[in-house]
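These notes are about the structure you will find just below.
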Amino acid sequence: MKNKMMRIASVLLVATLLSTCVISGTFAKYVTSGSASDSARVAKWGVRFDIDSDMFLTEYEYDDTTGGFTTDYSVQSTEKVVAPGTSGDAYSFTTTGTPEVSYIVSFAKTADSTWKTIYTDGNGLGDDTKEYYPVKFTITFDAYTNSGFTDVDDLADALAYYKYYYSVDEETYYVSNDGGDTWTEATATGAPSMNISWEWVYSVDALTDTYDTFLGDVAAGVTDGYTTTGLTISTDISIDITATATQID
Amino acid sequence: MNRYRSVKLNSGIRPLSIALILLLLLEACSVIMLGSRLVGFSPAAKQRQYIPLNEESGDTHLTVTKKPEPAKISASQTSFLSGGSAGGSGTFPSAATGFRPASYEHGFHVDDEEGLIWATDTGIELFKFSYENGENVCTVKGDGSKRLIAPGTSNTYTFTLLNTGTCTLDYEMTVDAYVTGTDQMIPINARLMDYTGEYLAGTADDMVPILDVGGIHRSGAISGGYIADYIIEWEWPFERGGEAEDEYDTFLGDSTLENEVSVMIVITTVAECNIDHEGGEPAPQTGDDTKMLFWLIVMVLTFVMLIILLSSDRRREEDEEEETAITAETGTPGGP
Numbered sequence: 010m011k012n013k014m015m016r017i018a019s020v021l022l023v024a025t026l027l028s029t030c031v032i033s034g035t036f037a038k039y040v041t042s043g044s045a046s047d048s049a050r051v052a053k054w055g056v057r058f059d060i061d062s063d064m065f066l067t068e069y070e071y072d073d074t075t076g077g078f079t080t081d082y083s084v085q086s087t088e089k090v091v092a093p094g095t096s097g098d099a100y101s102f103t104t105t106g107t108p109e110v111s112y113i114v115s116f117a118k119t120a121d122s123t124w125k126t127i128y129t130d131g132n133g134l135g136d137d138t139k140e141y142y143p144v145k146f147t148i149t150f151d152a153y154t155n156s157g158f159t160d161v162d163d164l165a166d167a168l169a170y171y172k173y174y175y176s177v178d179e180e181t182y183y184v185s186n187d188g189g190d191t192w193t194e195a196t197a198t199g200a201p202s203m204n205i206s207w208e209w210v211y212s213v214d215a216l217t218d219t220y221d222t223f224l225g226d227v228a229a230g231v232t233d234g235y236t237t238t239g240l241t242i243s244t245d246i247s248i249d250i251t252a253t254a255t256q257i258d
Numbered sequence: 011m012n013r014y015r016s017v018k019l020n021s022g023i024r025p026l027s028i029a030l031i032l033l034l035l036l037e038a039c040s041v042i043m044l045g046s047r048l049v050g051f052s053p054a055a056k057q058r059q060y061i062p063l064n065e066e067s068g069d070t071h072l073t074v075t076k077k078p079e080p081a082k083i084s085a086s087q088t089s090f091l092s093g094g095s096a097g098g099s100g101t102f103p104s105a106a107t108g109f110r111p112a113s114y115e116h117g118f119h120v121d122d123e124e125g126l127i128w129a130t131d132t133g134i135e136l137f138k139f140s141y142e143n144g145e146n147v148c149t150v151k152g153d154g155s156k157r158l159i160a161p162g163t164s165n166t167y168t169f170t171l172l173n174t175g176t177c178t179l180d181y182e183m184t185v186d187a188y189v190t191g192t193d194q195m196i197p198i199n200a201r202l203m204d205y206t207g208e209y210l211a212g213t214a215d216d217m218v219p220i221l222d223v224g225g226i227h228r229s230g231a232i233s234g235g236y237i238a239d240y241i242i243e244w245e246w247p248f249e250r251g252g253e254a255e256d257e258y259d260t261f262l263g264d265s266t267l268e269n270e271v272s273v274m275i276v277i278t279t280v281a282e283c284n285i286d287h288e289g290g291e292p293a294p295q296t297g298d299d300t301k302m303l304f305w306l307i308v309m310v311l312t313f314v315m316l317i318i319l320l321s322s323d324r325r326r327e328e329d330e331e332e333e334t335a336i337t338a339e340t341g342t343p344g345g346p
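If you're matching them up, the sequences are chains A and B in order.
Quick note: the first sequence, position 222, residue 231 per the working numbering, numbers continuous.
Quick note: the second sequence, position 245, residue 255 per the working numbering, numbers continuous.
Shown next, in the form of C-alpha cells:
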C-alpha cells in the first residue's frame, strides 16, 4: 500500500512539473529582439618625410685629377661654406608610410632665406650697379627639372608650384608643376622625390672670377683696395624649406 | 504491540494522502489551463477578432510613414518572420504551411535603408570601408578588412522598427558606444533622432561626443502596421580648430599604426506584444508569468512532501528492523 502510494505520488509530481513547464514554455511571450553593431578603426596615417638636408659642408673633396695636385680637399673650413667649384644637394624629400587616406604634399619656404650680394661700379667689377649670385639652384621633381635659380626667394616661389598627391584608392601618386591646376601620374615608382641641388661654377669668365674673388675677400675681412661704402654685401646663404603632407578632405 | 505498529502506519499514510490529493488538484488545474489556452488560440476564435490599424497614442507618438500590408510583404521578409524572428509566432498570412496560431500576428523586425534585416549582432554599415568627398575623390580607404574613420569622414544611418503584425508592440531601443585602444578622446561627434524629429542625443545644430550617444534608451509602442524610424549621424570634423587639433588628429592616425584605436556602436531592440494596450488589438494571452510564483511554491511543497514521505518511510523501516531484532531476542513481538 505504502509503495503504491509513493509511486503514484512520484508520478504525479513528475506530471505536475512537466505540465508547469509546458504551460510556461509553450505559451512564452512573443518577444522579438534584434541587435546590430558596427565598429571602425581610426585610419592609419604614418606619413613621414625622409629628408636629407646636408645642404652645405665644411669641406669639399678635391676631385680634379687633371692638375696633378695631391690635396684631398679643395675647400676646408670650420664652418659650412661655399666657394667657386663647390656643389651639393641642398634638400631631398621623400615620403614614407602607407596611409589609409589620400594626402597632398606641398613645399614652402618657412624662414627668411637670404642670399644677397650687391656691389656697384667703382671696384673694377663692372660698369653698372650689379647684383651677383654665384650659387645657382636646380629643382628636380619627379620628371621635372627647373634650373638656374639664383635668388632664394625665386627658388621658394618656384617650389610652391610643385605638388604631389597620393590617391589612396588607386594607390597612385600624381604630380603637378603648376600649383595643382593639372595633375599627371608620377613617373617614379613610389612617392615622388623633391631634390634641390646647388652649384657655384668654378669659372665662367674673367669678370665673374673678379666677383668671386671680391666675395672671398669680403668673407675674409680683407676689403682694402675695394670701395664698400654704401654697398649691401652678404656672404651668407641659408634656406629653410618645409614639406607638408596634408590629408585630402 | 500491534497498536504501536498501526499508529506508525497511519502517520505515514496521512501526509501521503494529502500529497496525492494536492498533486491531483494541481495536475487537474494544469490540464484545464492547457486546454483553455488551446481553445483560445483556435482558428474560430481568430475570426471573431478584428484588429484595427490605429495610430498609437501615449508617450510615444508615431509618425505614420508607411502602413505595410501583410499581403505585400516580400518573400524575404516572410521567410525571416516565419523562421528567424526570435520569439515570433510565424503567423504571416503568406506563410502557407505550418501551424498558425492565427488570431495574433506578431511580426516585428528592424531593417535599414539597404534592406538589411537585423538578427543578432548584425553587422551594419554605420561606418564605411572607404569615403569619398564631394568631388567623388576617394579620401579614405583601407585594405577592406576594417571599416575606418578619419578626419573629414561622416555618415548617416537610418534604421526602422517595423511592426508588420497586428499586435501592438512595446519596444525598447538602446544604444551603446565604446572606444577601444585608447583612453584618449576620439573627436567623433554624433546625434540620434527619432521619427518625430526629436533628438535623443545632440541637437539640430550640434552633435555630442559619440560616447554620449551610448546609454541612450528609448521605450515606445508601435501599433500593428506601423513603423518607427531612427537616424543616427556622426562625423569627425576635418577642421576642428587650430594646429593643436590637427596635431591630435595626426597623433590618433599615427598611434593606430601600433595600437588600433576603434569606436563601436551597438544598437539593441526588443519588442513584445502589449496585451493591455489601450486602443490596440487584444493581444493573445501569452506566458504565465503572473502565476509563476504559485507554481514555484507548489513545486517546493511537493518536494518537501516527497522528502517527508521518504524520511517517514525510512524511519518505519528502521522501526521494523528494530522490532524484528527485539522479537528475535525476547520472542515477543513489539518488545517489552
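Glycine is no exception: its CB is placed at the ideal position from the N, C-alpha and C atoms.
Source: prediction; values computed, not measured.
Put residue 147(B) into one of helix, strand or coil per three-state DSSP. coil
Return the first residue and the last residue of the beta strand (DSSP E) that residue 204(B) is part of. 199-204
Length of the line joining the Cα atoms of residue 244(B) and residue 159(B): 10 angstroms
Nonlocal neighbours in the same chain, by C-beta distance under 8 angstroms from residue 304(B), ignoring five residues either side: none
Report the rounded CA-to-CA distance for residue 317(B) versus residue 332(B), giving the unit in angstroms. 22 angstroms
In chain order, what residues of the segment 248-272 of chain B put their CB closer than 7 angstroms to some CB of chain A? 248, 260, 262, 263, 264, 266, 267, 270, 271 and 272
Below 8 angstroms between beta carbons: does that hold for residue 263(B) and residue 173(B)? no
From the DSSP secondary-structure annotation, give me the bridge partner or partners of residue 2(A). Because chain A here runs from 10 to 258, residue 2(A) falls outside it and cannot be looked at.
State yes or no: is the beta carbon of residue 187(B) nearer than 8 angstroms to at least one beta carbon in chain A? no
DSSP state of residue 228(B), grouped into three classes? strand
Out of 202(A), 70(A) and 113(A), which has the shortest C-alpha to C-alpha gap to residue 83(A)? 70(A)
So which of 312(B), 175(B) and 324(B) has the shortest CA-CA distance to residue 27(B)? 312(B)
Residue range of the beta strand (DSSP E) that residue 240(B) falls in? 237-245
With a threshold of 8 angstroms between beta-carbons, can residue 50(A) be considered close to chain B, or not? yes
Check the Cβ-Cβ distances between residue 177(A) and every residue of chain B, and say whether any is below 8 angstroms. yes
In the segment 177-200 of chain A, which residues sit with their C-beta less than 7 angstroms from some C-beta in chain B, listed in chain order? 177 and 178
Under a CB-based cut-off of 8 angstroms, is residue 110(A) close to chain B? yes
Between 209(A), 153(A), 215(A) and 228(A), which lies nearest to residue 194(A) when the distance is taken from Cα to Cα? 153(A)
So which of 108(A), 186(A), 43(A) and 87(A) has the shortest CA-CA distance to residue 127(B)? 43(A)
For a contact meaning CB atoms closer than 7 angstroms, what does residue 22(A) contact in chain B? 33, 312 and 316
Closer than 8 angstroms, CB to CB, is residue 172(B) near chain A or not? no
If you draw a straight line from the alpha carbon of residue 210(B) to that of residue 139(B), how long is it in whole angstroms? 27 angstroms
Alpha carbon to alpha carbon, what distance is there between residue 328(B) and residue 18(A)? 22 angstroms
Can you give the beta carbon distance from residue 315(B) to residue 29(B), rounded, assuming they're within the 8 angstroms contact cut? 4 angstroms
Between residue 53(A) and chain B, is the shortest Cβ-Cβ distance under 8 angstroms, so that the two count as touching? yes
For chain B, check one thing: does any of its Cβ atoms lie closer than 8 angstroms to the Cβ of residue 64(A)? no
Could you tell me the distance, in whole angstroms, from the CA atom of residue 3(B) to the CA atom of residue 238(B)? Nothing about residue 3(B) can be reported from this structure: the residues present for chain B run from 11 to 346 only.
Excluding the five sequence neighbours on either side, which residues of its own chain have a C-beta within less than 6 angstroms of the C-beta of residue 217(B), listed in chain order? 199, 200 and 201
Decide if residue 264(A) is buried, meaning its Cβ has at least 16 other Cβ atoms within 10 Å, or exposed. Outside the displayed span of chain A (10 to 258) sits residue 264(A), for which this structure offers no information.
Rank 42(B), 338(B), 320(B) and 276(B) by C-alpha distance to the C-alpha of residue 169(B) and give the top, closest one. 276(B)
Would DSSP call residue 125(B) helix, strand or coil? coil
Is any beta-carbon of chain B found at less than 8 angstroms from that of residue 18(A)? yes
Supposed contact pair residue 242(A) and residue 265(A) - C-beta distance, whole angstroms, cut 8 angstroms: The structure shown has nothing for residue 265(A), since chain A only spans 10 to 258.
How is residue 192(A) classed by DSSP in three states: helix, strand or coil? coil
By how many angstroms is the C-alpha of residue 231(B) removed from the C-alpha of residue 52(A)? 40 angstroms
Under 9 angstroms, CB to CB, which of the residues in the segment 122-136 of chain B have a partner in chain A? 122, 126, 127, 128, 129, 130, 131, 132, 133, 134, 135 and 136
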